[in-house]
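Student: Quick one: structure below, then a few questions.
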Amino acid sequence: MTRAQPPFAPSVRAPLWLLVLVTLSGTMAMHIFMPALPLAGADLGASPAGMQQTITLYVVGLAFGQLIYGPVSDTIGRRPTLLLGLGIYLVASVFALFAPTLEWLLAARLAQALGGAAGITLGRSIVRDISTPERATKDLALLNLLTLVGPGLSPILGSYLADGFGWRAIYVFLVCMAAAMVLCAWRLLPETNLDRSPLAFGKIARDYGQLIGNRRFVGFMVGGACSSTALYPYLATAPYIVHGQLQLPISQIGWFAAITIVGASVGSATTRRLVGRLNTELFLYMGAGLSLAMAVVFLGVQAMGWLNVPVLIGITFLLTMGCGMASPAALSRALSSAPGLTGSAAGLYGFGQMAAGALGTKLVGYGADPAISCAVVQIFLTVVALGAFRVAVGARRQEGGEPQGRDAP
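Under the working numbering, the first residue of the sequence shown is numbered 441, with each subsequent residue one higher.
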């Protein structure tokens, strides 16, 4: 039996700026710390591979956290669940600030991500709770835009904080931001979930099991996860490529990270503009294919000793443009492959993205040359993405699924 759509609460008001802030906080702690990896590694006596695990574990925490907070907030409410997550985020940020060893920092980063996942999951849920469908679309579009710009700007902020005041200054900033979020959420955020339900672990498990058994969904999810996170290996190695190999100052690393957001934004805009004229599946292959081609070029350029600043910028922009082209089309196909399970499918898709990102940042820790490792891992991810898309499209045709059309992602 299909459950009725939860009612929205037009009389309940939640500040949109606060929802943007809590949504942004989840990924900000990952991106803002990235430029400081060499400095923190030197201070803690950790290798580049060890410091890259601070990114890997953070992505792992975001992946698992997104599977948890949605069902919990459906049961006990959005407000207490969000306050709990933000509280974990705050305490973990304090522990990271005073971390004396790499192991301490890794544990704090994992806990920080588990707390930050609450903002990613519940910011969007609260918007859906309090808005009409038409208003929710507009607010979610604004939320997505700002949360796309935020990760692009946070490495720039992180690079200047680390270069001017040391890597721990980043965590001073995050502690202050987390404390402000907890206070504002406690004072300003009402309960918005008017249709709470018992926490049915059996139903959740059955829904996820049904999705995992759906070849089309799994194909689009794996392909979308690998293609959209092909930029993660670059983010994990950029400090060592930009600062270590190209000899640029720490303060410049953030700008090289911001290129990924620009490229992904251009790719996404291209897909949305052209999708009505071309078959959606073309964007899957064009996007992942462009990323694969740029990863191969990156590997060749580095192997020949030709890597320089303009070349790195061009390769990064085009590779992440491919990520942006494939991502919305893959998400659309994945969700349309699981009618009646949209919420669970979205959660599992998000988990898949973070899991692929964690795998990518883990693998780049192997190998003596960061640029070579980055290119090899990107080639691996994009090849897997293309193969998964082929499996998903083939399964849909065999099963007589959704018609092939020029539907928008």
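Ideal placement from N, C-alpha and C gives every residue a C-beta, glycine not left out. Source: prediction; values computed, not measured.
1. Decide if Asn748 is buried, meaning its Cβ has at least 16 other Cβ atoms within 10 Å, or exposed.
2. Who are the Cβ neighbours of Ser784 in its own chain at under 7 Å, not counting the five residues just before and after it?
3. Is the beta carbon of Ala426 sitting closer than 7 Å to the one on Gly805?
4. If I follow the unbroken alpha helix (DSSP H) through Phe538, where does it start and stop?
5. For Asp809, which three-state DSSP category applies?
6. To the nearest angstrom, how far is it from the Cα of Ile570 to the Cα of Val702?
7. Need the endpoints of the alpha helix (DSSP H) that Met661 sits in, please.
8. Residues in the same chain with beta-carbon distance under 7 Å from Pro455, minus the five sequence neighbours each way, listed in chain order, please.
9. Taking the alpha-carbon positions, what's the Gly559 to Ala665 distance?
10. Give the straight-line distance between the Cα atoms of Ser813 and Met491, rounded to the nearest whole angstrom.
11. Is Ser777 helix, strand or coil by DSSP?
12. Would you mind reading off the limits of the alpha helix (DSSP H) that contains His683?
13. May I ask you to report which of helix, strand or coil DSSP gives Glu631?
14. Counting along the chain, where does the alpha helix (DSSP H) carrying Met734 start and finish?
15. Can you tell me the Cβ-Cβ gap for Gly934 and Ile819, rounded? I've got them flagged as a contact below 8 Å.
16. Quick one: is Ala640 buried, meaning 16 or more other Cβ sit within 10 Å of its Cβ, or exposed?
17. Of all the beta strand (DSSP E) runs that stay within the bounds of the segment 458-488, which reach a length of 3 or more residues?
18. Who are the Cβ neighbours of Pro843 in its own chain at under 8 Å, not counting the five residues just before and after it?
19. Can you give me the Cβ contacts of Pro849 inside the same chain, cut-off strictly under 7 Å, excluding the 5 residues immediately before and after it?
20. What's the gap between the Cα of Phe538 and the Cα of Thr756?
21. Let me know the secondary structure DSSP gives Val804 once reduced to three states.
22. Leaving out the 5 sequence neighbours to the left and right, which residues in its chain are closer than 7 Å to Ala786 when beta-carbon positions are compared?
23. Any C-beta of chain D sitting closer than 7 Å to the C-beta of Thr756?
24. Which first and last residues belong to the alpha helix (DSSP H) in which Ser705 is found?
25. Excluding five sequence neighbours on each side, which residues of the same chain lie with their C-beta closer than 8 Å to the C-beta of Ser487?
26. If you count every other CB in all the chains shown that lies within 10 Å of the CB of Gly604, and 16 or more means buried, which is it?
27. How long is the line joining the alpha carbons of Arg846 and Tyr725, rounded to whole angstroms?
28. Rounded to whole angstroms, what's the CA-CA distance from Met794 to Met744? Just pull it up for me.
29. Spatial neighbours of Met441 within its chain, please: C-beta separation below 7 Å, excluding the five flanking residues on both sides.
30. Could you check which residue in Leu593, Leu675, Gly501 and Leu542 has the C-alpha nearest to that of Ala811?
31. Measuring CB to CB, does Gly762 end up less than 7 Å from Gly790?
32. Measure the CB-CB distance between Leu803 and Val823 and report whether it falls below 7 Å.
Tutor: To lay it out plainly:
1. Start at 1 with the first residue of the sequence shown, and residue 748 comes out as number 308. With fewer than 16 neighbouring CB atoms inside 10 Å of its own CB, Asn748 falls in the exposed class.
2. Taking the sequence shown and counting its residues from 1, one reaches residue 784 at position 344. Within the same chain, and ignoring the five residues on either side of Ser784 in sequence, the residues whose Cβ sits closer than 7 Å to its Cβ are Asp647, Tyr648 and Leu651.
3. With the chain covering 441 to 849 only, the question about residue 426 has no answer from this structure.
4. Position 98 of the sequence shown, counted from the start, is the residue given in the question as residue 538. From DSSP, Phe538 is part of no alpha helix (DSSP H); its letter is neither H nor E.
5. Position 369 of the sequence shown holds residue 809. Here Asp809 sits in coil by DSSP.
6. Numbered from 1 along the sequence shown, position 130 holds the residue referred to as residue 570. Numbered from 1 along the sequence shown, position 262 holds the residue referred to as residue 702. Cα-Cα distance, rounded: 31 Å.
7. The residue labelled residue 661 in the question sits at position 221 within the sequence shown. Note, Met661: alpha helix (DSSP H), Arg655 to Ser668.
8. Along the sequence shown, read from residue 1 onward, the residue named residue 455 stands at position 15. Closer than 7 Å at Cβ, skipping near neighbours: Leu628.
9. Position 119 of the sequence shown, counted from the start, is the residue given in the question as residue 559. Position 225 of the sequence shown, counted from the start, is the residue given in the question as residue 665. Gly559 and Ala665: Cα-Cα distance of roughly 21 Å.
10. Working through the sequence shown from its first residue, we reach residue 813 at position 373. Working through the sequence shown from its first residue, we reach residue 491 at position 51. Answer to the nearest angstrom: the Cα atoms are 15 Å apart.
11. Position 337 of the sequence shown, counted from the start, is the residue given in the question as residue 777. Coil at Ser777, not helix or strand.
12. Within the sequence shown, the letter at position 243 stands for residue 683. Careful: His683 lies outside any alpha helix (DSSP H) and carries neither H nor E.
13. Locating residue 631 in the sequence shown gives position 191, counting from the first residue. In the structure shown, Glu631 sits in coil (DSSP, three-state: anything other than H, G, I, E or B).
14. Sequence index remark: in the sequence shown, residue 734 carries index 294 (1-based). Met734 -> alpha helix (DSSP H) spans Thr720 to Met744.
15. In the structure as shown, the chain starts at 441 and stops at 849, and residue 934 therefore has no counterpart that could be examined.
16. To locate residue 640, count along the sequence shown from 1; it is residue 200. So Ala640 ends up on the exposed side.
17. none
18. Here residue 843 is taken as the residue at index 403 of the sequence shown, counted from 1. Only weak support exists for where Pro843 lies, its pLDDT of 44 falling under 50; the value from the coordinates is given anyway. Closer than 8 Å at Cβ, skipping near neighbours: no residue.
19. What you label residue 849 is simply residue 409 of the sequence shown in a count that begins at 1. At Pro849 the pLDDT is 44, less than 50, meaning the model places this residue with poor confidence; the figure from the coordinates comes in the next sentence. Counting only Cβ-Cβ distances below 7 Å, and skipping sequence neighbours, we find Thr711, Val715, Thr720, Pro768, Ala769, Leu771 and Ser772.
20. Residue 538 sits at position 98 when you count from the first residue of the sequence shown. Residue 756 sits at position 316 when you count from the first residue of the sequence shown. About 34 Å.
21. Translated into the one-based positions of the sequence shown, residue 804 becomes position 364. In the structure shown, Val804 adopts coil according to DSSP, grouped into three states.
22. Here residue 786 corresponds to residue number 346 of the sequence shown, with the count starting at 1. Cβ within range, chain order: Leu775.
23. The chain labelled as chain D is not found in the depicted structure, where only one protein chain is given.
24. As a first step, residue 705 must be located in the sequence shown, where it is residue number 265. Looking at the DSSP string, the run of the alpha helix (DSSP H) that includes Ser705 is Ile693 to Leu714.
25. Indexing the sequence shown from 1 puts residue 487 at position 47. Taking C-beta separations shorter than 8 Å and ignoring five residues to either side along the sequence, the partners of Ser487 in its chain run Gly481, following chain order.
26. For the purposes of this step, residue 604 is taken as the residue at position 164 of the sequence shown. Exposed.
27. Counting from one through the sequence shown, the residue named residue 846 turns up at place 406. Counting from one through the sequence shown, the residue named residue 725 turns up at place 285. Residue placement at Arg846 is poorly supported in this model, since its pLDDT is 43, which falls under 50; the coordinates are not used for a value here.
28. Numbered from 1 along the sequence shown, position 354 holds the residue referred to as residue 794. Numbered from 1 along the sequence shown, position 304 holds the residue referred to as residue 744. Roughly 33 Å between the two C-alpha positions.
29. Counting from one through the sequence shown, the residue named residue 441 turns up at place 1. Bear in mind that a pLDDT of 40 at Met441, under 50, signals an unreliable position, so the model cannot answer this.
30. Against the sequence shown, residue 811 aligns to sequence position 371. Nearest C-alpha to Ala811: Leu675.
31. One-based indexing of the sequence shown puts residue 762 at position 322. One-based indexing of the sequence shown puts residue 790 at position 350. Contact: no.
32. Numbered from 1 along the sequence shown, position 363 holds the residue referred to as residue 803. Numbered from 1 along the sequence shown, position 383 holds the residue referred to as residue 823. Contact annotation: Leu803 and Val823 have beta-carbon atoms that are not nearer than 7 Å.
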